[in-house]
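In my numbering, the protein residues as written are 1447 to 1769.
What follows is a single structure, written as structure tokens, with notes after it.
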């Protein structure tokens, strides 16, 4: 459904219904090993906290990826091609795309995010900074198959998915998500994607356990949101943030750990927590370049090029459909 957010952008609202949030929380907390999907981190406060995480000294992915994009903008633009519709699922504050817009010169930019107010504000700022750019903000759950609400009059479609958010999916779901993106961009469409690489465990553990406690606040804010929106009674202070690298699974795991035996109610549903029992809130899988390219091929993409930093901490891939 198209709505007008402001005169300078178009806005399409396909925001998930509150019932979707409720049903997934109830289902996840009812499991033997409790889990809540990480897509629900991103209310307005969660989005603000994640922006803060990206600027932390321990959190290398953002600055490393931005340097790769900055150093290779012209080369990336040469692969992406001119006059594309540039779609950014999970666009957040649209910081990284700014490093590419002047080089790529897309015919239109479509930021896509689940956090409606954050999305509109970010889209309006991009539109103000790039008055030549046609901006079409879309509020949607980008983890599900999507039909684009806007099609450009000419040119191809390229998706931009930075930040190694692909690591938040289980490997099988990552292939499904990539296949959804391939279907969205269509034949001859492309995907520019950031992928975190396998590296020293100490670097990873520090990145998800920052000294200022911002990541811990981000993790706990999920419970604050559930209390506010779903009528729950979580004692937020009785849950600890716990993040660690699981070498066997090649992933960082984030959990919320119950400090005590307790009972939590979400509306009419009652959930028992033992002391030290956890809610698994996020995985962040790390890939070798070869392993990720294998996933991309399974999803219908052909690897075209890859850029990395000097320390091989992070990679940016360009993939195309139908090559």
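Built from N, CA and C at the ideal position, the CB exists for glycine as well.
Reference residue i; option with closest CA among the options
{"i": "residue 1651", "options": "1528, 1644 and 1698", "result": "1698"}
{"i": "residue 1536", "options": "1494, 1701 and 1586", "result": "1586"}
{"i": "residue 1567", "options": "1766, 1696, 1456 and 1734", "result": "1456"}
{"i": "residue 1471", "options": "1460, 1485 and 1458", "result": "1485"}
{"i": "residue 1675", "options": "1460, 1458, 1489 and 1474", "result": "1489"}
{"i": "residue 1621", "options": "1679, 1747 and 1584", "result": "1747"}
{"i": "residue 1606", "options": "1687, 1677 and 1530", "result": "1530"}
{"i": "residue 1507", "options": "1653, 1577 and 1495", "result": "1653"}
In DSSP terms, what residue i is bridged to
{"i": "residue 1724", "result": "1703"}
{"i": "residue 1634", "result": "For residue 1634, which the question treats as bridged, DSSP gives no partner whatsoever."}
{"i": "residue 1481", "result": "1726"}
{"i": "residue 1813", "result": "Shown here, the chain extends from 1447 to 1769; a query on residue 1813 therefore has no answer."}
{"i": "residue 1734", "result": "The partner list for residue 1734 (beta bridge, DSSP) is empty, contrary to what the question assumes."}
{"i": "residue 1644", "result": "DSSP output for residue 1644 lists no bridge partner at all."}
{"i": "residue 1639", "result": "1607 and 1763"}
{"i": "residue 1716", "result": "1711"}
{"i": "residue 1748", "result": "1766"}
{"i": "residue 1753", "result": "1762"}
{"i": "residue 1411", "result": "The chain is shown from 1447 up to 1769; residue 1411 falls before or after that span and cannot be answered."}
Cα-Cα separation between residue i and residue j, rounded to whole angstroms
{"i": "residue 1483", "j": "residue 1499", "result": "19 Å"}
{"i": "residue 1533", "j": "residue 1558", "result": "7 Å"}
{"i": "residue 1579", "j": "residue 1600", "result": "15 Å"}
{"i": "residue 1756", "j": "residue 1644", "result": "14 Å"}
{"i": "residue 1681", "j": "residue 1553", "result": "48 Å"}
{"i": "residue 1426", "j": "residue 1491", "result": "There is simply no residue 1426 to check, as the chain begins at 1447 and stops at 1769 in what is shown."}
{"i": "residue 1392", "j": "residue 1615", "result": "Here the chain has residues from 1447 to 1769 only, and residue 1392 is not among them."}
{"i": "residue 1761", "j": "residue 1735", "result": "7 Å"}
{"i": "residue 1540", "j": "residue 1548", "result": "14 Å"}
{"i": "residue 1525", "j": "residue 1509", "result": "23 Å"}
{"i": "residue 1546", "j": "residue 1516", "result": "8 Å"}
{"i": "residue 1702", "j": "residue 1627", "result": "31 Å"}
{"i": "residue 1523", "j": "residue 1582", "result": "21 Å"}
{"i": "residue 1603", "j": "residue 1594", "result": "10 Å"}
{"i": "residue 1695", "j": "residue 1512", "result": "27 Å"}
{"i": "residue 1765", "j": "residue 1723", "result": "41 Å"}
{"i": "residue 1706", "j": "residue 1619", "result": "33 Å"}
{"i": "residue 1451", "j": "residue 1708", "result": "Low per-residue confidence applies at residue 1451: pLDDT is 45, beneath 50, and the placement is therefore not dependable, though the value from the model is reported in the following sentence. Cα-Cα distance, rounded: 44 Å."}
{"i": "residue 1738", "j": "residue 1501", "result": "26 Å"}
{"i": "residue 1742", "j": "residue 1714", "result": "43 Å"}
{"i": "residue 1467", "j": "residue 1711", "result": "15 Å"}
{"i": "residue 1623", "j": "residue 1611", "result": "11 Å"}
{"i": "residue 1725", "j": "residue 1520", "result": "43 Å"}
{"i": "residue 1661", "j": "residue 1543", "result": "23 Å"}
{"i": "residue 1666", "j": "residue 1474", "result": "16 Å"}
{"i": "residue 1518", "j": "residue 1573", "result": "24 Å"}
{"i": "residue 1669", "j": "residue 1584", "result": "26 Å"}
Contact under 9 Å by Cβ, residue i with residue j
{"i": "residue 1608", "j": "residue 1640", "result": "yes"}
{"i": "residue 1704", "j": "residue 1690", "result": "no"}
{"i": "residue 1575", "j": "residue 1551", "result": "no"}
{"i": "residue 1413", "j": "residue 1759", "result": "Residue 1413 is absent from the structure shown; the chain starts at 1447 and stops at 1769."}
{"i": "residue 1504", "j": "residue 1655", "result": "yes"}
{"i": "residue 1556", "j": "residue 1596", "result": "yes"}
{"i": "residue 1646", "j": "residue 1613", "result": "no"}
{"i": "residue 1497", "j": "residue 1562", "result": "no"}
Is there contact between the region 1749–1766 and the region 1705–1723, where contact requires at least three CB pairs shorter than 8 Å?
Under the 8 Å Cβ criterion, the region 1749–1766 does not count as touching the region 1705–1723, having fewer than three qualifying pairs.
Count the C-beta pairs between the region 1588–1598 and the region 1724–1741 that are closer than 8 Å, then say yes if the count reaches three, no if not.
No, the region 1588–1598 is not in contact with the region 1724–1741.
Quick check: the region 1464–1480 against the region 1623–1639, are at least 3 beta-carbon pairs closer than 8 Å?
By the C-beta criterion, the region 1623–1639 is judged not to be in contact with the region 1464–1480, since fewer than 3 inter-stretch pairs fall below 8 Å.
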